[in-house]
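Sequences listed follow chains L and G, in order.
Note that the first sequence covers residues 2 to 620 in our numbering.
Note that the second sequence covers residues 20 to 390 in our numbering.
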Amino acid sequence: MNIFTKNFKALKQIVLYEPPKDPPPFVLAEAERSNDTPAPVTSSLAQYEALLRYAHRLADTIEKSLTALKQPYQADKIAALKLEIAALEKQQDKLSPVLETYSLSQSPANQEISTSMEENKLTLEKLYNLPDNQDLIIRRLTIPAQPPVDAALVFIDGISDKNTINLAILQPLMLLGKRDKSLFQKAGLEELLAEYLPGNQVKLVHTFGDITSAINMGDTAILFDGLSQAALIETKGQEHRGPDRPTLEQSVRGSQSAFTETLRVNTGLVRTLLRTSDLTTEMLTVGTRSNTLCAVMYLKSIINPELVVEAKRRLQGITTDAVTQAGMLQLLMMDQPILPYPQALSTERPDRVAAALAEGRLAILVDGSPFAIVAPISFFTLLHVAEDFSLPWVAGSFARILRLLGTLINVLLPAMYLAISYFHQEALPTDLILAIGAAREKVPFPAFVEIASMEFAFELLREGGIRIPGLLGSTIGIVGAIILGQAAVAANIVSPITVVIIAVTGLASFAIPDYSLSFAIRLTRFVFELLAAMLGLIGVSGGIITIIVLLCSMKSLGVPYMAPLAPKTRYGYDAILRGPNAAQELRPDELSPQDIRRQPTVSLRWTKQASGKKKGDKS
Amino acid sequence: MKAQPGNMGIAEGMSLVFITTSSTIFLAAWSLAIDRTTTASWMMPLINTCTGLLTLCLLLYVLSVTSTDLYDACQLLVGTTATRLIVLYYIGIYFLDATLLLRQFAENTLLTALPELPFEIAIGWYTIIAVILSYIGIEATLRAGYIIMPLIILASFTVLTMLLPQYEILYLAPWRGPGLDKVLASGVMSSGINIGILIPAFLASSFQNTKTVKYSVLYALGLSCLVKTATLAAFIAAFGTGSAREKVLPFYELSRLVYINRYIQRIESLVIIVWAVAGILNITVLVYAGIYLLARLFNLPTLKPLILPVLLLISALAMIPEEITSVITLHTKLHFGLYNIGTMLIPFALFVMALIHAFKQKNSKKQPSCQ
């Protein structure tokens with residue numbers, strides 16, 4: 002190809018442009034939503050298909066019967082045929098047009114188990130989207146009973162324990178050959194479960210809803226051809242990590258174990274700290290698609306029963322697709338979800354949950370989440386930490402006051418700085434105001450822009466620090482803060498006093514033990530900064546009173562959020578300050594527990610008893 | 020009635036009475052009182068607290084005889100028409116007081132904190148906060164008031180303590196005043212300042228029982244009296260009557276006088292938060308009480324829709340006076356005049372009617388029926 006031809010072709014391509022012949026890129030089409038009911042044709046088609054399958058099964062049975070009749074008399078074969086015919090009769094009853102139409106109009110999950118193994122298999126295929134879905138395993142086997150019975154084991158790969166399935170289900174069922182009894186006789190199935198299946202939890206169910214909810218949890222279902230019941234055997238065995246050290250709520254003197262993602266491990270961890278028959282664990286399911294298991298734990302003789310009823314009412318009243326985390330559930334159960342302040346305590350520590358239960362609160366644990374929700378709580382509960390009671394009461398109280406001051410500094414310091422530097426300079430000593438003035442002289446921005454930009458940078462660092470994996474996150478946070486601060490001061494973008502204020506505020510925010518509260522306080526701080534920049538201390542005053550009234554109006558599971566301060570309730574030396582452990586005589590009054598007394602007035606009885614030495618002993 | 024607030028206890032009642040009776044220490048009312056009774060002015064809060072306690076006794080008797088709140092008690096004792104007139108009077112004075120307070124606190128804001136702010140914006144700001152608090156509800160507002168109350172007392176006494184070196188105790192000697200008779204008369208006439216003590220009686224059904232009303236008013240009046248007397252005494256002792264009668268804002272002027280060292284001086288900016296919060300709470304409580312009575316009077320199912328229009332009207336009214344001195348003068352005249360009908364005359368009249376009612380009931384029980 003010479004240069005002339007090349008140029009001609011290039012020119013031709015430009016003039017006579019044709020789009021490339023690649024396949025068009027994928028664009029998700031907008032779904033056409035219509036409220037029409039499913040076409041009746043589909044349901045009648047399914048009905049005809051079911052009838053056809055029944056006809057095939059009937060034809061097979063007739064053929065088998067003919068063959069058996071032509072042959073010499075065999076009692077076992079005749080017995081098996083009798084049972085098959087009985088099962089066919091049962092199936093026919095369900096195939097009446099009215100019942101079939103009703104059954105088809107229902108979700109497959111609500112359908113009853115059929116006597117036909119084929120029908121059951123088809124229902125399972127429909128429910129679990131087989132064969133596309135590779136998670137569900139259907140293992141066919143023949144139980145060598147008299148007569149032999151076709152059965153199918155159904156379980157989900159990955160969340161069931163294969164060893165248990167092999168040793169506690171398949172092996173005993175296959176050894177059933179020695180058994181001469183029929184499974185179809187009265188109580189035959191119950192006997193099979195009682196004598197041959199060594200699983201620790203075994204039960205019989207009648208609907209696919211029961212089967213799906215059990216196998217979704219990791220259990221195994223056994224379906225029997227000719228029987229309209231299924232056996233469920235507990236074979237849960239998904240992989241999970243064991244209890245680890247707490248990562249967010251570390252403590253120096255407290256327990257060093259934290260919740261995991263497995264619900265039963267978590268309930269067990271709480272029970273190891275409260276070994277009493279009084280500790281009740283109620284199981285509920287939340288999420289129409291996720292079917293997340295939740296455990297509501299409480300001490301029955303202490304908690305106000307109305308709290309349990311209300312918590313269960315709220316849990317059962319949640320209609321949502323999926324609840325995958327405890328935090329989601331917490332938000333769905335809150336009294337005032339519009340406000341950012343946490344209305345329940347989220348903790349990863351079993352000892353905190355145990356302490357809360359002993360006070361008359363309740364805990365909700367969610368399967369798959371290493372956090373427990375504790376409710377009801379007060380604002381002051383969020384400023385407590387696990388080891389408060391491991392320290393002498395003076396030290397514990399000091400730490401609590403420090404946290405409260407940290408919270409106040411976090412909310413008010415930048416706002417006060419803005420208000421004073423804009424409107425009330427006379428509040429500062431002359432030397433200080435001159436120093437601040439000199440530091441701000443070279444900065445071209447107003448104080449509000451300085452504060453806002455530093456806040457923004459700090460928030461970015463904080464968010465980035467959380468997202469960056471491992472130790473690198475905190476390192477980048479510290480290095481970033483130092484470099485950014487120094488560079489911003491050197492570039493005259495912000496004054497050193499702004500860096501100091503933002504640094505102190507940031508430090509104070511880390512004194513708040515609860516992550517959600519810390520977030521809410523930060524949001525409040527931004528509002529206060531805006532108010533201070535607009536109206537000085539008058540704006541701040543308006544903000545303060547509004548936020549206090551809002552907090553006073555809030556409830557946590559129906560209990561006032563600012564109790565025992567507002568409304569004033571009996572003070573148990575465990576709100577802002579902490580009394581000595583021996584003086585913690587009463588449970589929180591605002592919870593109205595059944596038993597208000599935690600310990601007798603003289604709980605240290607050894608102080609009133611004589612020591613081992615007898616009077617007069619000289620040695 | 021759906022608008023009925025929830026269960027309130029002594030703490031909420033204390034906060035209600037304390038906020039409505041003590042926030043005058045942040046206003047000019049006491050400067051004008053010094054003008055009347057000079058060095059003995061510090062006695063006036065003591066005297067009007069005594070009349071307040073007398074009013075409380077009368078009201079408690081009325082409530083115990085009728086076993087209901089003050090509104091229903093009025094209906095039982097004086098009939099529907101008179102009740103409507105009485106309630107209209109109280110609605111009027113609560114709204115009027117809220118209007119005058121709104122204007123004075125807005126003006127104080129301009130005087131002490133934000134001199135360049137248009138006063139309409141200051142009024143607007145207080146109105147917005149009052150609307151928000153009223154919407155949240157009286158229960159939460161009073162609970163917040165109970166949290167704020169110790170801070171107000173603490174801040175007041177901190178300022179007064181810091182001024183210890185500035186006091187001239189002889190300024191307080193009553194014999195340098197106009198005479199005890201005048202002080203007593205002025206003290207009794209200033210009872211209108213305590214108009215807020217009737218609000219718990221109107222909201223009695225929201226309190227746990229009459230005992231709650233009794234103790235909340237009793238404790239709050241005591242605390243309020245202590246704060247007012249101490250502040251007024253400190254004001255006179257620090258400035259002397261000649262200078263004090265010229266100062267518009269007693270508490271603000273006292274905090275301006277603080278000088279401990281170079282770093283603790285002129286703390287007036289920091290106490291802005293205290294008086295601004297007290298002012299907002301006082302306006303909110305008065306407006307809420309007025310709206311509550313309005314809803315009762317017209318038998319309305321709820322009071323929330325009234326909050327915004329009423330507060331807008333109040334803020335518009337507060338903007339009408341051209342200058343602040345007329346507002347301060349009017350407020351003082353009302354304290355010494357019109358408000359006394361509400362704090363003394365009406366409770367006394369109701370007490371008399373309750374006595375007659377009780378007497379009639381006693382007689383009817385004694386006399387067996389003719390049949």
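Backbone N, C-alpha and C fix where the C-beta goes; we use that ideal spot for every residue, glycine too.
Since this is a predicted model, take the numbers as computed values, not measurements.
| request: Note down, in chain order, every chain G residue with its Cβ under 7 Å from the Cβ of Val550 (chain L). | output: Leu152, Ile155, Ala159, Thr160 and Ala163
| task | Assign Thr263 (chain L) to one of three DSSP states: helix, strand, or coil. | result | coil
| message | Run through the DSSP bridge pairs and tell me what Tyr299 (chain L) is partnered with. | response | L:Thr281
| Got a sec? Which residues, its chain only, sit under 7 Å from Glu311 (chain L) by beta carbon, not counting five neighbours each side? | Leu558 and Gly559
| field | Under 8 Å by beta carbon: chain L residues contacting Gly28 (chain G) | value | Pro568 and Lys569
| query | What does a CB cutoff of less than 8 Å around Gln92 (chain L) pick up in its chain, not counting 5 residues either side in sequence? | reply | Tyr55, Arg58, Ser115, Thr116, Ser117 and Glu120
| message | If I measure Cβ to Cβ from Gly361 (chain L) and keep anything under 6 Å in the same chain, skipping five residues before and after, which residues do I get? | response | Ile303, Ile304, Arg588, Leu592 and Pro594
| request: Could you please tell me which residues of the region 223 to 240 of chain G, in chain order, have their CB closer than 8 Å to any CB of chain L? | output: none
| said: Below 8 Å, how does it come out for the region 523 to 539 of chain L and the region 282 to 297 of chain G: are there three or more Cβ pairs, yes or no? | reply: yes
| field | Cut-off 8 Å between Cβ atoms - residues of its own chain near Ala192 (chain G), not counting five sequence neighbours on either side | value | Thr58
| message | Counting only Cβ pairs nearer than 8 Å, list the residues of chain L close to Arg285 (chain G). | response | Glu427 and Ala428
| Quick one: is Val444 (chain L) near chain G, going by C-beta distance under 8 Å? | no
| request: Report all residues from its chain with a CB closer than 8 Å to the CB of Leu603 (chain L); omit the five preceding and five following residues, and keep chain order. | output: Note that residue 603 (chain L) corresponds to Val in the displayed sequence, not to Leu. Result list for Val603 (chain L): Lys609, in chain order.
| said: I want to know whether the region 284 to 293 of chain G touches the region 75 to 93 of chain G - three or more CB-CB distances under 8 Å. | reply: no
| message | Am I right that Ala259 (chain L) and Glu349 (chain L) are in contact with their C-beta atoms under 8 Å? What's the rounded C-beta distance? | response | 4 Å
| task | Please report the Cβ distance between Leu300 (chain L) and Asp279 (chain L), rounded to the nearest whole angstrom; I am assuming they are in contact, meaning their Cβ atoms lie under 8 Å. | result | 5 Å
| request: For Tyr282 (chain G), return the contacting residues in chain L, with the cut-off set at a CB-CB distance below 7 Å. | output: Pro430
| For the alpha helix (DSSP H) that contains Asp200 (chain G), what are its first and last residues? | Leu199 to Met208
| So is Ile539 (chain L) in contact with chain G if we call contact Cβ pairs under 8 Å? | yes
| query | Residues of chain L with a CB under 8 Å from the CB of Leu133 (chain G): which are they? | reply | Phe424, Leu536, Gly537 and Ile539
| query | According to DSSP, is Ala373 (chain L) helix, strand or coil? | reply | strand
| field | Cross-chain neighbours of Ile177 (chain G) in chain L, by beta carbon under 9 Å | value | Looking at the sequence itself, residue 177 (chain G) is Thr, so the reference to Ile does not match. The premise fails here: Thr177 (chain G) is roughly 15 Å from chain L at the closest Cβ pair, so nothing lies under 9 Å.
| At what residues does the beta strand (DSSP E) containing Leu137 (chain L) begin and finish? | Leu137 to Ile144
| request: Starting from the C-beta of Phe370 (chain G), find all residues in its chain whose C-beta is less than 7 Å away, skip the five residues before and the five after it, and write them out in chain order. | output: Leu77, Tyr80 and Val81
| message | Just to confirm before moving on: does the CB-CB distance between Ile138 (chain L) and Asp158 (chain L) stay below 8 Å? | response | yes
| said: Is the beta carbon of Leu419 (chain L) closer than 8 Å to that of Ala534 (chain L)? | reply: yes
| field | Inter-residue spacing [alpha-carbon to alpha-carbon] between Ala453 (chain L) and Leu473 (chain L) | value | 26 Å
| Contacts that Met563 (chain L) makes with chain G (C-beta to C-beta distance below 8 Å) | Arg162 and Ile166
| request: Using three-state DSSP, classify Arg579 (chain L) as helix, strand or coil. | output: strand
| said: Give me the subset of the region 294 to 317 of chain G whose CB atoms are less than 8 Å from a CB atom of chain L, sorted by chain position. | reply: Ala295, Val296, Ile299 and Leu300
| said: Could you check whether the Cβ of Leu130 (chain G) sits closer than 8 Å to any Cβ belonging to chain L? | reply: no
| request: Could you tell me if Trp607 (chain L) is buried or exposed, where buried requires 16 or more neighbouring beta carbons within 10 angstroms of its beta carbon? | output: exposed
| In terms of alpha-carbon separation, which member of G:Phe270, G:Leu312 and G:Asp200 lies closest to Ile63 (chain G)? | The sequence as given places Met at residue 63 (chain G); Ile does not occur at that position. Residue G:Asp200 is the option with its Cα nearest to Met63 (chain G).
| request: Determine the chain G residues that contact Ser542 (chain L) at a beta-carbon separation under 8 Å, and present them in chain order. | output: Ile291, Ile292, Ala295, Val296 and Ile299
| said: Taking the alpha carbon of Val15 (chain G) as the reference point, which residue from G:Ser345, G:Gly211 and G:Leu75 has its own alpha carbon closest? | reply: Residue 15 (chain G) lies beyond the residue range present for chain G, which begins at 20 and ends at 390; the question has no answer from this structure.
| query | When DSSP labels each residue in this structure, what does Arg468 (chain L) get in the three-state scheme? | reply | helix
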